[in-house]
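*Asks:* If you read the sequence shown in the working numbering, its first letter stands for residue 756, the second for the next number, and so on.
Think of the CB as a built atom: it goes at the ideal place given N, C-alpha and C, for glycine as much as any other residue.
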Amino acid sequence: MFYDKSKIGESIKLQRIAKGWTQSQLSERSGIGLRSIQRIENGEVNARSYTLAKLQEQLDIRFDETHTIAIKQTTDFAKRSFTNWRTSKIALSYVTGFIIAIISGSFLVNSATFPETHFELFVFLCSLAIIYSVLLLYIWRKSK
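Below, the structure is given as structure tokens:
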């Protein structure tokens with residue numbers, strides 16, 4: 756988990772001072788060494804999750820308040836993954852349309868008797884449009 760150790764230390768220090776406790780009192784209540792608390796508050800070390808959990812329990816700090824950087828990074832990752840997902844869907848849509856156009860064009864060029872009338876050509880093009888629409892609905896359905 757990635758977080759800004761100076762912001763965590765600052766949050767812990769502010770909450771400790773708001774409760775009117777000294778570092779020694781927080782150390783006794785949480786069971787964490789005084790020197791560890793000093794290092795965490797000064798942003799010198801990355802505190803272990805156990806240590807943070809104990810401090811949060813004693814100081815009544817919510818997890819997401821001290822881990823704002825971790826939450827922001829998770830959100831950034833979700834945005835990147837959505838962008839990649841969307842880009843792949845767009846590419847698949849274009850490729851599907853291109854393949855349908857190539858196959859139907861080769862069918863029309865190689866068929867000597869099809870279409871005999873404009874109506875047959877119209878029905879053929881409408882059926883291609885319906886097939887492509889169904890494929891697009893399948894590609895873009897809500898899967899996330």
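For the ligand SAM, any of its heavy atoms closer than 7 Å to the Cβ of Trp-895?
*Replies:* Looking at this structure, you won't find the ligand SAM or any other ligand, since it has none at all.
*Asks:* Can you tell me whether Ala-930 is helix, strand or coil according to DSSP?
*Replies:* One cannot answer for residue 930 here, as it falls past the ends of the chain, which runs 756 to 899.
*Asks:* So, do the region 807-816 and the region 845-865 have three or more beta carbon pairs nearer to each other than 8 Å?
*Replies:* Short answer: they don't touch.
*Asks:* Taking its Cβ as the centre, do 16 or more other Cβ atoms sit within 10 Å of Ile-792, making it buried, or is it exposed?
*Replies:* Looking at its Cβ environment, which holds 16 or more other Cβ atoms inside 10 Å, Ile-792 is buried.
*Asks:* Would Leu-814 count as contacting chain D if we go by Cβ distances under 8 Å?
*Replies:* Protein chain content of the structure displayed is limited to a single chain, and chain D is not contained in it.
*Asks:* Could you tell me which of Leu-789, Ala-867, Ile-767 and Leu-892 sits nearest to Lys-844, measuring between CA atoms?
*Replies:* Among Leu-789, Ala-867, Ile-767 and Leu-892, the Cα nearest to that of Lys-844 is on Leu-892.
*Asks:* Which residue's Cα is closest to the Cα of Glu-799: Ile-857, Ser-882, Val-889 and Glu-765?
*Replies:* Cα-wise, what sits closest to Glu-799 is Glu-765.
*Asks:* Is the separation between the beta-carbon of Gln-813 and that of Arg-784 shorter than 8 Å?
*Replies:* Yes; because the gap between Cβ atoms is below 8 Å, this pair is in contact.
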